[in-house]
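Participant: In this note's numbering, the protein residues as written are 917 to 1225.
(1) Taking only the alpha-carbon atoms, compute the straight-line gap between residue 937 and residue 923 and give it to the nearest angstrom.
(2) Using only alpha-carbon positions, find the residue among 1043, 1077, 960 that is nearest to residue 1050.
(3) Specify the secondary structure class of residue 940 as computed by DSSP and reduced to three states.
(4) Give the secondary structure of residue 1060 by DSSP, where H, G and I count as helix, E and B as strand, and everything else as coil.
(5) Taking 8 Å as the limit between beta carbons, can you name the residues of its chain near residue 1044, skipping five residues before and five after?
(6) Alpha carbon to alpha carbon, how far is residue 942 from residue 920?
(7) Leaving aside the five residues before and after residue 1040 along the sequence, list all residues of the same chain whose C-beta is less than 7 Å from its C-beta, in chain order.
(8) In the DSSP assignment, what residue or residues form a beta bridge with residue 922?
(9) Determine the contact status of residue 967 and residue 983, defining contact as a CB-CB distance below 7 Å.
(10) For the candidate residues 1125, 1101, 1107, whose alpha-carbon lies nearest to that of residue 1117?
(11) Below 8 Å, how does it come out for the region 1146-1156 and the region 1191-1205: are there three or more Cβ pairs, yes or no?
(12) Buried or exposed: residue 1153, going by 16 or more other Cβ atoms within 10 Å of its Cβ?
(13) Going by beta carbon distance, what residues of the same chain come within less than 6 Å of residue 1223, once the five residues before and after it are set aside?
(14) Is it the case that the region 1084-1091 contacts the region 1121-1132, given that we only count it when at least three CB pairs across the two stretches are under 8 Å?
(15) Considering only residues of the same chain and omitting the five flanking positions on each side of residue 1221, which have a CB-CB separation below 7 Å?
(16) Roughly how many angstroms lie between the CA atoms of residue 932 and residue 1111, to the nearest whole one?
(17) For the region 1141-1177, list the beta strand (DSSP E) runs that are entirely contained and at least 3 residues long, ordered along the chain.
(18) Among residues of its own chain, excluding the 5 on either side of residue 1173, which ones have a beta-carbon nearer than 6 Å to its beta-carbon?
(19) Is there a Cβ from chain B that is less than 7 Å from the Cβ of residue 1009?
(20) Out of 1037, 1178, 975, 1099, point me to the one whose CA is closest to residue 1066's CA.
(21) Could you compute how far the alpha carbon of residue 1159 sits from the alpha carbon of residue 1192?
(22) Please go through the same chain and pick out, in chain order, the residues whose beta-carbon is closer than 8 Å to the beta-carbon of residue 969, but skip the five residues on each side of it.
(23) Suppose only complete runs of 4+ residues qualify. What are the alpha helix (DSSP H) ranges in the region 1083-1121, listed by chain order?
(24) If I'm right that residue 934 touches residue 993 with Cβ under 8 Å, what's the distance once you round it to whole angstroms?
(25) Whole-angstrom Cβ separation of residue 1212 and residue 1143, contact assumed at under 8 Å?
(26) Drop a sphere of 10 angstroms on the beta-carbon of residue 1134, count the other beta-carbons inside from all chains shown, and report buried for 16 or more, exposed for fewer.
(27) With C-beta atoms as the reference, is residue 925 less than 7 Å away from residue 974?
(28) Across which residues does DSSP place residue 1200 in a beta bridge pair?
(29) Can you tell me whether residue 1170 is buried or exposed, with buried defined as 16 or more other CB within 10 angstroms of its CB?
(30) Pick helix, strand or coil for residue 1189, following the three-state DSSP scheme.
(31) Between the Cα of residue 1175 and those of 1063, 1206, 1185, 1163, spot the shortest distance and give me the residue it belongs to.
(32) Label residue 1083 either buried or exposed according to how many other C-beta atoms from any shown protein chain fall within 10 Å of its C-beta, with 16 as the threshold for buried.
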């Protein structure tokens, strides 16, 4: 059984199609990234799973049951700073949100202490949230989802606006949640490093449609033999760039236009590019195949990258 199933989901806002027949599944105990450009339908998808938005058609199942009947199995942290009560301390926030779910007593207080310790917040437990750093506030918000003891946690941009150390802390926390606490996480993010580091599977949305759904390694392997870097002995001229563009490929120029990156569909085409460079007396220092990072994969699916030429 899957933790989450989204089946043929459709949602329109007036004449705007936010979701167009979106379907994907999330395995129990995994971390699934929901990615896409702004306006692609990510937040609409997450809010539909939470039952905050009612889709026009389609189904959402949590452990095989309609999500409208399983809100007690879902908790969420949305983008922004309105997930907590700022005048309350971390302990008071956790106690309050647990109380909404009907939890209380000595067992709850013990669980709060365990969570605060797990998130390295014990020494800040009696400080009002308003006086905590952005990273600490985000950790309190995620801890809030855990104190409610739900099976599925939805996170919208969990690392947005955080410093590098706070981002690393959140990554460790999320890995700990799935491996040590048997939770399922869906996260929406623009942080491709976070996706590559912690996600098991990824659903990529573009213009309200699913354009890719697979595990991280399969998506990386799909593009692994395609990306090459050509280091030139000198800066390439505009004439040379125009000749390269006639090959039909998109080129990325870097290092004062003395380095070229290109995604090759046919390995033989690399020789055509070498001949073009030779014809304009531009010498090649090095040609190497690059490891593809997930940002490159994402841009290939969404066509969001700026093509420089």
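Every residue gets a Cβ at the ideal spot worked out from N, C-alpha and C, and that includes glycine.
Just so we're clear, the structure is a prediction, and the values are computed from it rather than from any experiment.
Facilitator: Taking the geometry as given:
(1) Between the C-alpha atoms of residue 937 and residue 923 there is a straight-line separation of about 8 Å.
(2) The option with the nearest alpha carbon to residue 1050 is 1077.
(3) In the three-state reduction of the DSSP assignment, residue 940 falls in the strand class, which pools E and B.
(4) Here residue 1060 carries a helix assignment [DSSP, helix/strand/coil].
(5) Only 1002, 1003, 1004, 1005 meet the Cβ criterion.
(6) Their backbone Cα atoms lie some 5 Å apart in a straight line.
(7) The beta carbon of residue 1040 lies closer than 7 Å to those of 1006, 1048, 1052 in the same chain, with the five residues before and after it left out.
(8) Beta-bridge partners of residue 922 (DSSP): 940, 976.
(9) In terms of Cβ geometry, residue 967 and residue 983 form a close pair [threshold 7 Å].
(10) Ranking the options by Cα distance to residue 1117, first place goes to 1101.
(11) Cβ pair count under 8 Å is three or more, so yes.
(12) Exposed is the call here.
(13) Model confidence at residue 1223 stands at a pLDDT of 35, short of 50, so the residue's coordinates are unreliable; what they give is reported in the following sentence. The residues are 1166.
(14) Short answer: they don't touch.
(15) Confidence at residue 1221 is low in this model, with a pLDDT of 42, below 50, so the placement of that residue is unreliable and no value is reported for it.
(16) Cα-Cα distance, rounded: 28 Å.
(17) Complete beta strand (DSSP E) runs here, min 3: 1143-1148, 1167-1170.
(18) Counting only Cβ-Cβ distances below 6 Å, and skipping sequence neighbours, we find 1151, 1152.
(19) Any reference to chain B falls outside this structure, which holds one protein chain only.
(20) When 1037, 1178, 975, 1099 are compared, the shortest CA-CA separation from residue 1066 is found for 1099.
(21) Taking the straight line joining both Cα atoms gives about 7 Å.
(22) Correct list, in chain order: 927, 960, 963.
(23) Here the runs fully enclosed are 1108-1114.
(24) Wrong, their Cβ atoms sit about 21 Å apart, outside the cutoff.
(25) Between residue 1143 and residue 1212 the Cβ distance is about 6 Å, and since that is below 8 Å, they are a contact.
(26) Of the residues assessed, residue 1134 falls on the exposed side of the cut-off, its CB having fewer than 16 other CB atoms within 10 angstroms.
(27) Yes, the Cβ-Cβ distance between residue 925 and residue 974 is below 7 Å.
(28) Paired residue(s): 1148.
(29) Its Cβ having fewer than 16 others within 10 Å, residue 1170 is exposed.
(30) Residue 1189 sits in a helix when the DSSP states are folded into three classes.
(31) For the residues 1063, 1206, 1185, 1163, the minimum Cα distance to residue 1175 belongs to 1206.
(32) Buried, by the Cβ-count rule.
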